[in-house]
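Numbering (our numbering), first residue to last: 975 to 1232.
All C-beta atoms in this analysis are idealised placements derived from N, C-alpha and C, irrespective of residue type, glycine included.
Below is one structure, written out as structure tokens, with a few remarks after it.
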């Protein structure tokens, strides 16, 4: 069995880059290893901040999404799930301790960021812990329960929906970046529709915050970082080469569900 690490990371001079490919049982452990290694490679006074890349990440385990969010948060609600019954609400809260010591954080998303990725991006955005850069995420905000049906298979039942700390439904809407940065398609992909989004799926559950614009965007990341406009923009923000009112975010202005 070949075990693929859920987190790939590298140091880009004075910026720590971490890409989560999926949310498996090992994602949080891999992330902690990445953070520890980056801290050892770059002195704290030289490190400008971190990029958390969630592009093309289809999601995975809820508990790992909560743990990954918690790694960067000191307090606050991370996500809630709500069923059909108004009393059927489960909340997940952050524990004290920010593993990157309050360093600036930028999260990258695109149309390939779904489910658990959107939980992380939504929590860090609403709590004003990170600035989200990229394009509209996929919009998969439903909680599905698998009910075994004996030998004949199983029934996948949607039992609840995910809500960000501000009370917004992810379903059919996705996460809107604080700073929209489009990634142009290369010549050989021009004309192909690489847009991915829950709201385009036939028979999808309509989300409470879904609008006519729908969810999703192009799900493309260039293989060469030199061509990656979203990553370049994030690193320029961290280094002060670009400025934007959305960066750095102000935690005092966290958007919370009352």
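- Query: According to DSSP, what are the bridge partners of residue 1194?
  - Reply: Translated into positions along the chain shown, residue 1194 becomes position 220. The partner list for residue 1194 (beta bridge, DSSP) is empty, contrary to what the question assumes.
- Query: CA-CA distance, residue 1199 and residue 1206?
  - Reply: Reading the chain shown from its first residue, position 225 is the one you call residue 1199. Reading the chain shown from its first residue, position 232 is the one you call residue 1206. Cα to Cα, the separation comes out at about 8 Å.
- C-alpha gap between residue 1059 and residue 1103, whole angstroms: In the chain shown, counting from the first residue as 1, residue 1059 sits at position 85. In the chain shown, counting from the first residue as 1, residue 1103 sits at position 129. Cα-Cα distance, rounded: 31 Å.
- Item | 7 Å Cβ cutoff met for residue 1118 and residue 1132 | The residue given as residue 1118 occupies position 144 in the chain shown. The residue given as residue 1132 occupies position 158 in the chain shown. Yes.
- Message: I'd like the ranges of any alpha helix (DSSP H) spanning at least 4 consecutive residues and lying wholly in the segment 992 to 1038.
- Response: Correct list: 1001 to 1015.
- Below 7 Å between beta carbons: does that hold for residue 1097 and residue 1033? As a working mapping, residue 1097 is identified with position 123 in the chain shown. As a working mapping, residue 1033 is identified with position 59 in the chain shown. It is not a contact, given that the beta carbons lie outside the stated cut-off.
- Item | Run of the beta strand (DSSP E) containing residue 1067, from where it starts to where it stops | As a working mapping, residue 1067 is identified with position 93 in the chain shown. Taken as a continuous stretch (DSSP letters only), the beta strand (DSSP E) holding residue 1067 covers 1063 to 1067.
- Query: Where does the unbroken alpha helix (DSSP H) through residue 1094 begin, and where does it stop?
  - Reply: Looking up residue 1094 in the chain shown gives position 120. Membership of residue 1094 in the alpha helix (DSSP H) is indicated by the continuous run 1090 to 1100.
- Which class does residue 1113 belong to by DSSP, given the choice of helix, strand or coil? Numbered from its first residue, the chain shown carries residue 1113 at position 139. Three-state DSSP puts residue 1113 in coil, outside helix and strand.
- Using the C-alpha atoms, what's the distance from residue 1050 back to residue 1128? Counting from one through the chain shown, the residue named residue 1128 turns up at place 154. Counting from one through the chain shown, the residue named residue 1050 turns up at place 76. Going from the Cα of residue 1128 to the Cα of residue 1050 covers about 36 Å.
- Any contact of the segment 992 to 1011 with the segment 1036 to 1050, i.e. 3+ C-beta pairs under 8 Å? Short answer: they touch.
- Query: Smallest Cα separation from residue 1116: which of 1123, 1108, 990, 1091?
  - Reply: Here the question's residue 1116 lines up with position 142 in the chain shown. If we check each option's Cα against that of residue 1116, 1091 comes out closest.
- Query: From the DSSP output, which residues share a beta bridge with residue 985?
  - Reply: On the chain shown, position 11 is the one that residue 985 refers to. DSSP output for residue 985 lists 990 as bridge partner(s).
- Message: Can you look up residue 1124 in the DSSP assignment and give me helix, strand or coil?
- Response: In the chain shown, the residue the question calls residue 1124 occupies position 150. Residue state, collapsed to three classes: helix.
- Task: Using 10 angstroms around the beta-carbon of residue 1010, count the other beta-carbons present and answer buried if the total reaches 16, otherwise exposed.
- Result: The residue labelled residue 1010 in the question sits at position 36 within the chain shown. Exposed, by the Cβ-count rule.
- From the DSSP output, in three-state form, read off residue 1209 for me. In the chain shown, residue 1209 corresponds to position 235, counting from 1. DSSP places residue 1209 in helix when its eight states are reduced to three.
- Task: Would you mind sorting residue 1028 into buried or exposed? The rule is 16 or more other CB atoms within 10 Å of its CB.
- Result: Along the chain shown, read from residue 1 onward, the residue named residue 1028 stands at position 54. Label assigned to residue 1028: buried.
- Count the other CB atoms, across all protein chains shown, that sit within 10 Å of the CB of residue 1217; report buried if there are 16 or more and exposed otherwise. Here residue 1217 is taken as the residue at index 243 of the chain shown, counted from 1. Exposed, since its Cβ has fewer than 16 Cβ neighbours within 10 Å.
- Message: Quick check on residue 1044: buried or exposed, where buried means 16 or more other Cβ atoms within 10 Å of its Cβ?
- Response: Counted from its first residue, the chain shown places residue 1044 at position 70. It is buried - the Cβ of residue 1044 has at least 16 other Cβ atoms within 10 Å.
- Message: Am I right that residue 1156 and residue 1025 are in contact with their C-beta atoms under 8 Å? What's the rounded C-beta distance?
- Response: Along the chain shown, read from residue 1 onward, the residue named residue 1156 stands at position 182. Along the chain shown, read from residue 1 onward, the residue named residue 1025 stands at position 51. Contact between residue 1156 and residue 1025 is absent: CB atoms are separated by about 18 Å, not below the 8 Å threshold.
- Query: DSSP state of residue 1200, grouped into three classes?
  - Reply: Here residue 1200 refers to the residue found at position 226 of the chain shown. In the structure shown, residue 1200 sits in a helix (DSSP, three-state: H, G or I).
- Task: Inspect the beta-carbon positions of residue 1212 and residue 989 and report whether they are closer than 7 Å.
- Result: By 1-based counting over the chain shown, the position of residue 1212 is 238. By 1-based counting over the chain shown, the position of residue 989 is 15. Going by beta carbons, residue 1212 and residue 989 fall inside the 7 Å limit.
- Task: Report yes if the CB atom of residue 1149 is closer than 7 Å to the CB atom of residue 1107, and no otherwise.
- Result: Your numbering for residue 1149 matches position 175 in the chain shown. Your numbering for residue 1107 matches position 133 in the chain shown. No, the pair does not count as a contact, with Cβ atoms beyond the cut-off.
- Beta-carbon spacing of residue 1086, residue 1193 below 7 Å: Here residue 1086 corresponds to residue number 112 of the chain shown, with the count starting at 1. Here residue 1193 corresponds to residue number 219 of the chain shown, with the count starting at 1. In contact: residue 1086 and residue 1193 (Cβ atoms closer than 7 Å).
- Query: With distances taken between CB atoms, is the gap from residue 1066 to residue 1052 smaller than 7 Å?
  - Reply: Counted from its first residue, the chain shown places residue 1066 at position 92. Counted from its first residue, the chain shown places residue 1052 at position 78. Taking 7 Å as the Cβ cut-off, residue 1066 and residue 1052 qualify as a contacting pair.
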